[in-house]
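Let me begin by presenting the structure, written as structure tokens, before commenting on it.
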Amino acid sequence: MAKDYKIFISHSWAHHDDLLALRNLLNSRGYFNVEFTEASKDVPINSPNASYIKARLRAKIQSSDIVLALAGIYASHSEWMPWELDTAKLYGIKIIGIIPRGQERISLEVLSRSVVDVRWNTESIVDAIRKYAN
């Protein structure tokens with residue numbers, strides 16, 4: 001029986017299409033069951049209160065087996081991604097950097113926190129998840 005993986009994807013809301021593409025990539029992989037735990041534009045945490053948002057995100061990160069971080073250079077300009085990645089590290093949840101298709105430059109915010117960085121390739125991503133997930 002295949003293991004079910006709870007995955008939190010740290011991403012920039014300005015690049016929502018990358019999040020959806022990564023979800024679709026993983027969902028279409030046979031014999032690989034995933035549940036996504038991150039907040040997104042589709043299911044946001046609606047609150048102007050940063051402390052409340054952090055508490056909700058912290059719970060989502062803690063319940064995850066692994067964090068995938070979209071490592072496009074835009075991650076270096078995100079206010080939330082470094083906090084999400086530091087939170088994952090604090091709770092011993094490993095981070096895999098995912099280098100979006102066509103990206104030459106990647107974010108040091110992700111590279112400095114990830115255990116491994118992989119290119120946008122289904123098997124590379126799945127192999128890394130299987131190797132590093134709790």
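So that you can map any letter, position 100 of the sequence shown is 100 in full-length UniProt numbering, and since no number is skipped, the others follow by simple counting. Using N, Cα and C, we set each Cβ at its ideal position, and we do this for glycine too. Remember, it's a predicted structure, so these values are computed and weren't measured experimentally.
8 Å contact criterion, which residue i and residue j should meet: CB distance rounded
i           : j    : result
residue 136 : V116 : What is shown of the chain runs 1 to 134, which leaves residue 136 out entirely.
H9          : E38  : Residue identity check: residue 9 is Ile in the sequence provided, not His. Confirmed, Cβ separation roughly 5 Å.
H15         : G102 : Actually they are not in contact, since the Cβ atoms of H15 and G102 sit about 13 Å apart, beyond 8 Å.
R23         : T122 : Wrong, their Cβ atoms sit about 12 Å apart, outside the cutoff.
Under 8 Å between C-beta atoms of residue i and residue j
i    : j    : result
S107 : I96  : no
D65  : A133 : yes
W120 : I99  : yes
I93  : V67  : yes
Contacting residues, own chain, Cβ-Cβ under 8 Å from residue i (five flanking each side not counted)
i    : result
A50  : none
R105 : I73
K89  : I95, R113
N27  : V34
K41  : W13, H16
S124 : V118
Proximal residues to residue i (C-beta, below 6 Å), its chain only, five neighbours per side dropped
i   : result
H11 : L19, L70
L25 : T122
S47 : I53
L57 : none
A4  : Note on residue identity: the sequence assigns Asp, not Ala, to residue 4. N33.
Sheet register partners of residue i (DSSP bridge)
i    : result
F36  : I7
D117 : G97
V66  : Reading off the sequence, residue 66 comes out as Ile, not Val. In DSSP, I66 forms a bridge with I7.
I106 : G72
Close-in-space but distant-in-sequence residues of the same chain around residue i (CB under 7 Å, 5 per side omitted)
i   : result
Y91 : I61, Q62
Y31 : A2
S76 : S107, L108, E109
A21 : none
Hey, is the segment 52 to 70 in contact with the segment 80 to 96, meaning 3+ C-beta pairs nearer than 8 Å? Yes: the two stretches touch, three or more of their Cβ pairs being nearer than 8 Å.
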